[in-house]
Structures are given as structure tokens and as C-alpha cells.
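Structure, as C-alpha cells:
2 protein chains.
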Amino acid sequence: MSCDFSFEIHARDGKARHGTITMPRGEIRTPAFMPVGTAGTVKGLYMDQVRATGADIILGNTYHLMLRPGAERVAKLGGLHEMARWPFPILTDSGGFQVMSLSALRKLTEEGVTFQSHIDGSKHNLTPERSMEVQVLLDSNIIMQLDECIRLPAPDEEVARAMRLSYRWAERSKAAFERLVKPGEGRALFGIVQGGTNPLLRRESAELLTKLDLPGYALGGLAVGEPQHEMLATIEVTEPFLPSGKPRYLMGVGTPDDLIESIARGIDMFDCVMPTRAGRHGTAYTRHGKFNLKNARFAEDTRPLDETSDCSATRDYSRAYLHHLVKSDEMLGQMLLSWNNIGYYQRLMRKARAAIDAGRYADFVAETKEGWARGE
Amino acid sequence: MSCDFSFEIHARDGKARHGTITMPRGEIRTPAFMPVGTAGTVKGLYMDQVRATGADIILGNTYHLMLRPGAERVAKLGGLHEMARWPFPILTDSGGFQVMSLSALRKLTEEGVTFQSHIDGSKHNLTPERSMEVQVLLDSNIIMQLDECIRLPAPDEEVARAMRLSYRWAERSKAAFERLVKPGEGRALFGIVQGGTNPLLRRESAELLTKLDLPGYALGGLAVGEPQHEMLATIEVTEPFLPSGKPRYLMGVGTPDDLIESIARGIDMFDCVMPTRAGRHGTAYTRHGKFNLKNARFAEDTRPLDETSDCSATRDYSRAYLHHLVKSDEMLGQMLLSWNNIGYYQRLMRKARAAIDAGRYADFVAETKEGWARGE
Chain A
143 MSCDFSFEIH ARDGKARHGT ITMPRGEIRT PAFMPVGTAG TVKGLYMDQV
193 RATGADIILG NTYHLMLRPG AERVAKLGGL HEMARWPFPI LTDSGGFQVM
243 SLSALRKLTE EGVTFQSHID GSKHNLTPER SMEVQVLLDS NIIMQLDECI
293 RLPAPDEEVA RAMRLSYRWA ERSKAAFERL VKPGEGRALF GIVQGGTNPL
343 LRRESAELLT KLDLPGYALG GLAVGEPQHE MLATIEVTEP FLPSGKPRYL
393 MGVGTPDDLI ESIARGIDMF DCVMPTRAGR HGTAYTRHGK FNLKNARFAE
443 DTRPLDETSD CSATRDYSRA YLHHLVKSDE MLGQMLLSWN NIGYYQRLMR
493 KARAAIDAGR YADFVAETKE GWARGE
Chain B
143 MSCDFSFEIH ARDGKARHGT ITMPRGEIRT PAFMPVGTAG TVKGLYMDQV
193 RATGADIILG NTYHLMLRPG AERVAKLGGL HEMARWPFPI LTDSGGFQVM
243 SLSALRKLTE EGVTFQSHID GSKHNLTPER SMEVQVLLDS NIIMQLDECI
293 RLPAPDEEVA RAMRLSYRWA ERSKAAFERL VKPGEGRALF GIVQGGTNPL
343 LRRESAELLT KLDLPGYALG GLAVGEPQHE MLATIEVTEP FLPSGKPRYL
393 MGVGTPDDLI ESIARGIDMF DCVMPTRAGR HGTAYTRHGK FNLKNARFAE
443 DTRPLDETSD CSATRDYSRA YLHHLVKSDE MLGQMLLSWN NIGYYQRLMR
493 KARAAIDAGR YADFVAETKE GWARGE
């Protein structure tokens, strides 16, 4: 435990855990959902709103920010917290995932990956060392190792190769992190367990990374289109090999159902674009389930999305008005639904933590799913 | 003077006037700028923000709202104030201007105009009587007569024909308004002076309308592409024929410069999409002039748009961050610039009122223009 990062578990219920990560920029209550601020903004929300929903930490995308406005420029502007007016913890990914999914002319070697920007075609390279440097320039607090994310399904030998390369990159990421970062800067490095859906490879990856004694571990390579049961099964076979006293972060996940099922299997942290992306496309997540506000059944529904919420977007605007805004393609519709969705995700995390404290997490999951199924 | 509408002038400086319109839903300080909420939302802003910038009244577009969600539906949802969460005064236009500029297959007769919706091709008709009915269904407070807006330049006989038709529609609008509206409902009807840039026709229109003894008068048919000097000249030749104790509303105007020049010529009210539209396109209006935030010179400019402003959008975000958001096409950039612009327009009105009170309106105009020219 250092002043930069500590993790305390307050309560357990089955595999589910309620904890707190403490960092100089603030506490992160877990299970935690991290809203995604891809390019230095959680799309459609003011940071005050993000904070008021209960978010303790947000995520920034290294790939996007290194291309625009550029890591060195973000540093000149005082770092991401200062630039985007979010003084609380920030986690950045390594850039690896988006290099694989967005950039052109990728070339991967043992050394790292070279690629062309999807924005202007400019050439860049990302090595474990450069990824650490970029994340420090961004002033990230939780820094992710560079890993290789492959497309699934893939043959086992390909999955194994990428996992082992990712491990070697973890070693190099750790060495670079230790060179670049001084204690007291409020930064921590997380490793990423890979291995696809193969239990043996996941175990090997977890055991290798555990030896690096990093402050936290992520599960990567999931939420890439596989069925939910495969994702949950992979969590189940990996979790026993992760250190129980450190936070586990399931990258890029997911739906509210994914979240509560993953928490039951020992996951502590999540990030996903879903709440804001769905909000921009007219979808509201609520305790009554998922609403498509384009649907004509809302045209004269004067009820709010949920009158019991403490989030203004959820409580103060009629479904009829939201329907009208979405149908009219008005920015306010996207703003309100994104805000509602981030608010709902945070409310779900708050309730999950309380249920773990009360030793009734399984009941909470059942009740939550009943609410979604019942609708209203 | 009734409980529904009264206008008091507190101070005059040359032709410029500082006044207050009092209506049951609130006071409107004049000179007043009315943010445009076309479809029941001031694009990109929360109503709380609109209010906090100092807006006393917003404008709704009858054409858009009658097509979507529909006037009868807005009434079912409790009216525009209730639907959009704006409890203060609302002015609605008559629908005539947008019928002419947006709809298809228009057919204009003495009776009114039939047209097809630009959204779904559905057929509608708008008569003076239907326009009054629609505006009452929307729960408008300041209701505009139906008028015919022609494209300029046009031959004098065409301008005269449209102006006289508009006058007959004013008579019918007034009769319909009086049938539909009971005293105490908090509504008032404004007439619209037409006549293009022809002084004699403007005078004829103003004199005809004055006889109807309406609580306020608008100047229509301006800000449709003519040079500023023509618009100002038309205000100058019309103003002497408008009742001095009633508010004058210059429809659809304009730039900050248009506003302060028009106030000097006796105008009390304005509306324009410019601040929000420009904001969505990366332009900020400030006391230092108009900034195109796409410009690379802002990329590392850590100053806010104006550190002396009390508007968060203007004071709390760096130009570099705004530049980044605009370049990245992020919603927050549009939100912040729209908010800044509405804030700037309201600040300009506040300063104009204070300058009129102090008898230094001409100095205020000169200083304001110097600030724009100086830049920063």
C-alpha cells in the first residue's frame, strides 16, 4: 500500500466485493462504473453532471488523445484533468485496442505497433514505453499496460502468442512506468489478463501477471462480440488466479445486466461507451428496463423515465418530451438520455454496493432483473 | 394596461429605451433578446442555463411545433412551458415565415396558406384564425399575427399587396384572438409591420396596425439578407409611426452589432437563431469580437473566452479545449459555444439597459465596437 494507490475491501457477498480505491485525486468506490471520455469529454455531459451522478473516475482513450489534440499538447495545457475540468481520478487505456480497431496500415512487431491515424493518415508508433509516456503526459492516474487485442474467434496458438506478447509488453510497461513515474505523483499501473476464452491461457496470463505485483488487474479481450455466457464463464475461470486483495477491471463492459452478473463473479471496475452511445441513439436505461424513446408509445406519456431517481434527466422530463426531442433529432434529447444513462449506471453501482454490504447481492440481482422484465 | 400585459419605460437615451414588460408569467426587461427554441428546446442548452444567462422570454416556432409534435399534442402535454420546463413568458411566431421558407407546395389565397410539411409531406393549412388557435394550444404568451413574408427584392406593387393582405390578416388575427382568449390567461397579440424597404409602405402598414391598438408591434420582413444599412434605414423611417408607449420587436435579428444599432433606433425586442446556430458551427461571440474556434491560433490558448464573464461557458473553459472539442466535433463544444453565445447576447442587453439608464448609450455602442475591433 502506497500513498499513490490503495485498495480496501469493506464487504464481500459470495464473490462480489464492495471496496474503495484511494488515490491522491480521490476515492473510487467499487464496484465502479467509469464513464468513457474518449476525447477528453464524456459525450454530451458537463463534468459537473458526470460527478453528480456519482462517478468517482472517468476513462480517457489514449489512442484518440495522442492523435488529437496530441499527448504533448495535452501536457502543455496542464494535463487532462485541467483541460477537461475533471479534478478526480482518470484511467487511460493503453491505446492498443483502438489501434487495432480504428487505425489503418497497422504493423505489429515484438517492439510495438506502427499505424496510421484514422483522422489524418499521419504515422505513429506505439510501444509499451511510448504508451507509458503518453499516459503520463495525459496526466493519467490509472495507467494500463500496452497489450495486443486480437479479433476472436482465433486459433489457440494465435491467442497464446498474443497473450504472451502482451505479457512481455507488461514487463516492459512496468519497467518504463517505474522509470517515468515518481512515487507521490498519484499514478498506478494495471496489467491486462488476456487469453481469449481459453481457461488455460487465461490462467497462464493471470499467473504471469500476478508475479509482476501490479496494483490492479484488468480482463481484456472480452466484450468483443462474444455471447454473455462465454464472457461470464471466462471471468469465472480467471478470477481464482487473480490476487483477491487487488481490484479487477473488466474492460469495455457493458450492459447493466453484464455489470451485475460480472460483479457477482468478482469484478470491481467497468468502463463502457454504451450509456452515452445508446443515449445518443434514443435509448434510455432505467430500472424499468431499456426504452427506445423513438417508439410512438411514448408520444403522450407524461411520466418521467423514473420519478424515484435523484437525477434531473431521469426525474424531471416527460417521456413525451424526450420522444419529441429524439424524433426531432434535437441535441437536448441526446444530452438528457446520455445523462440519464450515466445516472442509471451509477445508481446501479450504488445499489450493488449497498446490497453487498447487506449480504443480499443475489436478491438485488433478482429484483433488478424483475424490474427490467416488468417494465412500466 | 391589463393584468395580461403592460409595458413601462424607465429611461430613454435618444431613441433607445429601457423598459419592462409585465405579464403573469414574469417580467421581460427590454431591450430584450429572446433565445429561439424552435422545436421546444433552445438547441444545446438546458432551460436552467438559458434562464441563468438572463433570458426573460424565449421564442417558439409555430410552424415547427404544429408539425411536430403537433399543437393539439403540445396542449395535451400541458403546453409548451410545461413540456419544455420553461415557466416564464414565451413568444411564438405565427408560422407564416417558415411556411414560406421551409414547406413545399405552398398555395396562398386571401383565406390563408395551404402547404405540405417539410418533414413528412402531410398537408396543412394556416389561416389567421388557425394560427391564433395553434398559438393558444401551444400556450404562448406573446402571440404574433399571421402575415405574409415575401422574398426581397420584389416590385413595390407586390410588396404593397403582401403588406395589405398582412393587415387584413391582422384584423382577422385580432378578432380570432379575442374570441379564443379570455382576459387573465396571460396572452397578448402583436401586430407585424410589413412593407419591405419602402418608407411609404412601412408608414402605411404602421398606421393601419396602430389603429388596431395592439399591445406591441413587430417589424417583419427584415433580416432576410439585405445589407445592414437598409435594415437600419427601414427602422428609422418606420419608428416615428409606431406608438411610442408600446414595445417594438425586430423579428429575426441579428448580429450583436445589429442589436445595438437597432436599439439606438428605438427597438425593444429581438430574436435570432444566430447565437445557437453559430455556436454549433464553432463560432463564439465575445466582447473581444467573433472567434472561429476552429482556427489553429486557439490550439494552445489557455485563456477562457472572457475571464470577466459570469457565465461558466465563457469563463471556465480554455480556448484550447474549445478548439479541441470543435475540431473533434464533440457535442460539448457545440453546447459550450451555444451557451457562451446566448450568455453574451444577454450580457449585451444588460449593458445596453444600464447604458440607457446612465444616458451614455452612444458611448456604450462606441466602446463595444472598439472591444470587438481590438480583439484579444
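Chains A and B, in that order, give the protein sequences. With this note's numbering, letter number 322 in the first sequence gets 464, and the count goes up by one each step, no holes. With this note's numbering, letter number 28 in the second sequence gets 170, and the count goes up by one each step, no holes. From the three backbone atoms N, C-alpha and C, an ideal C-beta is built for every residue, glycine too. Note that this is a predicted model, so its numbers are computed, not measured.
Rounded straight-line distance, which links the Cα of A194(A) to that of M176(A): In the first sequence, residue 176(A) corresponds to position 34, counting from 1. In the first sequence, residue 194(A) corresponds to position 52, counting from 1. Going by the C-alpha atoms only, they are around 13 Å apart.
Would you say the beta carbon of G237(A) is closer than 7 Å to some non-hydrogen atom of the ligand FMN? Absent from the structure shown: the ligand FMN. Ligands present: none.
Is there a C-beta anywhere in chain A that falls below 8 Å from the one on G182(B)? Within the second sequence, numbered from 1, the residue matching residue 182(B) stands at position 40. Yes, its Cβ sits closer than 8 Å to a Cβ of chain A.
Whose C-beta lies closer than 7 Å to the C-beta of G328(B) among residues of the same chain, with five residues either side of it excluded? Counting from one through the second sequence, the residue named residue 328(B) turns up at place 186. Here the set comprises D146, M165, P166, R167 and N283.
Strand pairing of R171(A), partner residues [DSSP]: For the purposes of this step, residue 171(A) is taken as the residue at position 29 of the first sequence. R171(A) pairs with T162(A).
In chain order, what residues of the same chain lie with their CB nearer than 8 Å to the CB of L244(A), ignoring the 5 residues before and after it? Along the first sequence, one-based indexing puts residue 244(A) at 102. If we look at L244(A) and ignore the five residues flanking it on each side, its Cβ neighbours are Y205 and H260.
So, at 6 Å on beta carbons, what are the nonlocal neighbours of T339(A) in its own chain, with the 5 sequence-adjacent residues on each side left out? By 1-based counting over the first sequence, the position of residue 339(A) is 197. Same-chain partners within the cutoff: E372 and T376.
Cβ contact check for the region 215-234 of chain B and the region 182-198 of chain B: 3 or more pairs under 8 Å: yes
Report yes or no: do three or more beta-carbon pairs, one from the region 396-413 of chain B and one from the region 348-357 of chain B, lie closer than 8 Å? no
Could you tell me the distance, in whole angstroms, from the CA atom of M143(B) to the CA atom of G196(A)? For the purposes of this step, residue 143(B) is taken as residue 1 along the second sequence, with counting starting at 1. For the purposes of this step, residue 196(A) is taken as residue 54 along the first sequence, with counting starting at 1. Because the pLDDT at M143(B) is just 49, under 50, the model does not fix this residue reliably, and the value given afterwards should be weighed accordingly. One C-alpha to the other measures close to 51 Å.
Judging by CA-CA distance, which residue of N267(A), G517(A), A302(A) and A318(A) is the nearest neighbour of Q89(A)? Any property of residue 89(A) remains undetermined from this structure, which presents chain A solely from 143 to 518.
Would you kindly report the start and end of the unbroken alpha helix (DSSP H) that includes E299(B)? The residue you call residue 299(B) lines up with position 157 of the second sequence. Note, E299(B): alpha helix (DSSP H), D298 to L322.
What three-state label does DSSP hand V178(B) in the structure shown? By 1-based counting over the second sequence, the position of residue 178(B) is 36. In this structure, V178(B) counts as strand in the three-state DSSP scheme.
Using a Cβ-Cβ distance under 8 Å, would E214(A) count as near chain B? Locating residue 214(A) in the first sequence gives position 72, where the first residue counts as 1. No, E214(A) does not count as interfacial toward chain B.
Can you grab the Cα-Cα spacing for the pair A515(B) / H430(B), in whole Å? If you number the second sequence from 1, residue 515(B) lands on position 373. If you number the second sequence from 1, residue 430(B) lands on position 288. Whole-angstrom Cα-Cα distance: 7 Å.
Is the number of C-beta pairs between the region 424-442 of chain B and the region 479-488 of chain B that are closer than 8 Å three or more? yes
Nearest to R461(B) by alpha carbon, out of P446(B), L279(B) and P398(B)? In the second sequence, residue 461(B) corresponds to position 319, counting from 1. That would be P446(B), whose Cα lies nearest to the Cα of R461(B).
Who are the neighbours of Q476(B) on chain A, taking C-beta pairs under 8 Å? Here residue 476(B) refers to the residue found at position 334 of the second sequence. Within 8 Å Cβ-Cβ: M473.
Pull up the DSSP beta-bridge partners for R445(A), would you. Taking the first sequence and counting its residues from 1, the one referred to as residue 445(A) is at position 303. In DSSP, R445(A) forms no bridge with anything.
Rounding to the nearest angstrom, what Cα-Cα distance links R345(A) and F383(A) in this structure? In the first sequence, counting from the first residue as 1, residue 345(A) sits at position 203. In the first sequence, counting from the first residue as 1, residue 383(A) sits at position 241. Spanning the two alpha carbons is a distance of roughly 6 Å.
N- and C-terminal bounds of the beta strand (DSSP E) containing Y427(B): Taking the first residue of the second sequence as position 1, residue 427(B) is located at position 285. Taken as a continuous stretch (DSSP letters only), the beta strand (DSSP E) holding Y427(B) covers T425 to T428.
Range covered by the alpha helix (DSSP H) that runs through T510(A): Counting from one through the first sequence, the residue named residue 510(A) turns up at place 368. Run containing T510(A): Y503 to R516, per the alpha helix (DSSP H) assignment.
For the region 277-291 of chain B, which residues have a CB atom closer than 7 Å to at least one CB atom of chain A, in sequence order? none
Pair within 8 Å by beta-carbon distance, L343(A) and R390(A): For the purposes of this step, residue 343(A) is identified with residue 201 of the first sequence, where counting begins at 1. For the purposes of this step, residue 390(A) is identified with residue 248 of the first sequence, where counting begins at 1. No, these two residues do not count as a Cβ contact at 8 Å.
Check for me: the beta strand (DSSP E) holding K432(B) runs from which residue to which? Translated into the one-based positions of the second sequence, residue 432(B) becomes position 290. G431 to N434 is the extent of the beta strand (DSSP E) around K432(B).
Touching by the beta-carbon criterion (3+ pairs, under 8 Å), the region 211-219 of chain B and the region 456-476 of chain A: yes
Can you say whether L268(A) is buried or exposed, counting buried as having 16 or more other CB atoms within 10 angstroms of its CB? Looking up residue 268(A) in the first sequence gives position 126. Classification for L268(A): buried.
Look at I473(B) and Q476(A) and say whether their C-beta atoms are less than 8 Å apart. Position 331 of the second sequence holds residue 473(B). Position 334 of the first sequence holds residue 476(A). In the sequence on display, residue 473(B) carries Met and not Ile. Against a cut-off of 8 Å, the Cβ pair of Q476(A) and M473(B) comes out as a contact.
K265(B) - partner residues in DSSP beta bridges: Looking up residue 265(B) in the second sequence gives position 123. Per DSSP, Q258(B).
How is F412(A) classed by DSSP in three states: helix, strand or coil? Mapped onto the first sequence, residue 412(A) falls at position 270. Three-state DSSP puts F412(A) in a strand.
When DSSP labels each residue in this structure, what does T234(B) get in the three-state scheme? Taking the first residue of the second sequence as 1, we reach residue 234(B) at position 92. It is a strand residue.
What are the boundary residues of the alpha helix (DSSP H) that E252(B) is part of? Stepping through the second sequence from its first residue, residue 252(B) is reached at position 110. First-last for E252(B): undefined, no H or E at that position.
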